[in-house]
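Visitor: Please find one structure pasted underneath; my questions will follow.
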Amino acid sequence: HQNILLVASFEVLYQRLQEDTETQRPLFSKHSKEAFYHLYQKRMALYEGLSDLVISVDHRTPAEIAEIIKAH
C-alpha cells in the first residue's frame, strides 16, 4: 500500500479551525497561532517523510484530487 498525504496550507487549515464551531479542539484552543504554526511545521515534516505521494489540496476540487490519486 502507499501513503498519500493531502496537504492544505497552514492559513487554510487555521481558518477552517477558527470557523468550526461544532467541534471541540483542545489542542487548537490551547495554543497561540504562532505556537500552532510551529506544531504544524513539525508534524508536516514527519508526515511528508512517511508519505509516498503528497498532494496540495488548496486550489483543487475533490474530483481533481481523486484523479491525481488514480493516476498515481
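Counting from 1, position 23 in the sequence shown corresponds to residue 23 in this note's numbering; the numbering is continuous, with no gaps. We treat Cβ as the ideally placed atom computed from N, Cα and C, and that holds for glycine.
#1: Quick check: what's the CA-CA separation for L13 versus R25?
#2: I think A8 touches V57, with their Cβ atoms under 8 angstroms apart; what is that distance to the nearest whole Å?
#3: With distances taken Cα to Cα, identify the nearest neighbour of L6 among I65, K42 and H72.
#4: Would you kindly report the start and end of the unbroken alpha helix (DSSP H) that includes S56?
#5: Could you compute how far the alpha carbon of L46 sits from the alpha carbon of L39?
#6: Sort out for me which residues DSSP pairs I4 with in a bridge.
Guide: A quick look at the data gives this:
#1: So the two alpha carbons sit approximately 13 angstroms from each other.
#2: That belief holds up - the Cβ atoms of A8 and V57 are roughly 5 angstroms apart, short of 8 angstroms.
#3: For L6, the nearest C-alpha among the options comes from I65.
#4: Boundaries for S56: no alpha helix (DSSP H) harbours it, while the beta strand (DSSP E) harbouring it runs L53 to S56, taken from the DSSP string.
#5: Taking the straight line joining both Cα atoms gives about 11 angstroms.
#6: L53, per the DSSP bridge assignment.
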